[in-house]
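> Its first residue numbered 9, the sequence shown is counted upward by one per residue in our numbering.
Here it is: the structure, laid out below.
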Amino acid sequence: MNVPYRCPNCRTNKSRFNLIKQVPQSVKLNPQSGEVVEDYSNSQLDPFHTPYRGPELRVQCGVCGLIEDEKTFIKFGEQN
């Protein structure tokens, strides 16, 4: 679905944006070295590892650089 965006910060940009796709990677790190000890898939997370529940897409204004959730830009784009 195509929807108009508008930046809530600079309030003038309606056409230049960077779409940032977020791809989470669940890992277990060694606390001393920071090295990846285990790489999890979403179907086999251990009981103490919460799966990522954030947005799949973030938007950056191509004019002022503000980065927010896509919903923020959509809501502002609906206003006149």
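Where is the CB? At the ideal position from N, CA and C, for every residue including glycine.
1. For R24, which residues in the same chain have their Cβ closer than 8 Å to its Cβ, ignoring the five residues on either side in sequence?
2. Taking I28 as the reference, give the member of R66, E78 and F84 with the closest Cα.
3. Quick one: what's Q40 bridged to in DSSP?
4. Evaluate Y60 with the Cβ neighbour count: other Cβ atoms within 10 Å of its Cβ, from every protein chain shown; 16 or more gives buried, anything less gives exposed.
5. Since K46 and K36 should fall inside the 8 Å C-beta cutoff, what is the C-beta to C-beta distance between them, to a whole number of angstroms?
Put simply:
1. Taken in chain order, the residues that qualify are C69, G70 and V71.
2. Sorting R66, E78 and F84 by C-alpha distance to the C-alpha of I28 places R66 at the top.
3. Answer by DSSP bridge pairing: none, since Q40 is not bridged.
4. That one is exposed.
5. Correcting the residue identity first, residue 46 is Glu in this sequence and not Lys. With 8 Å as the limit, E46 and K36 qualify as a contact, their Cβ atoms being about 4 Å apart.
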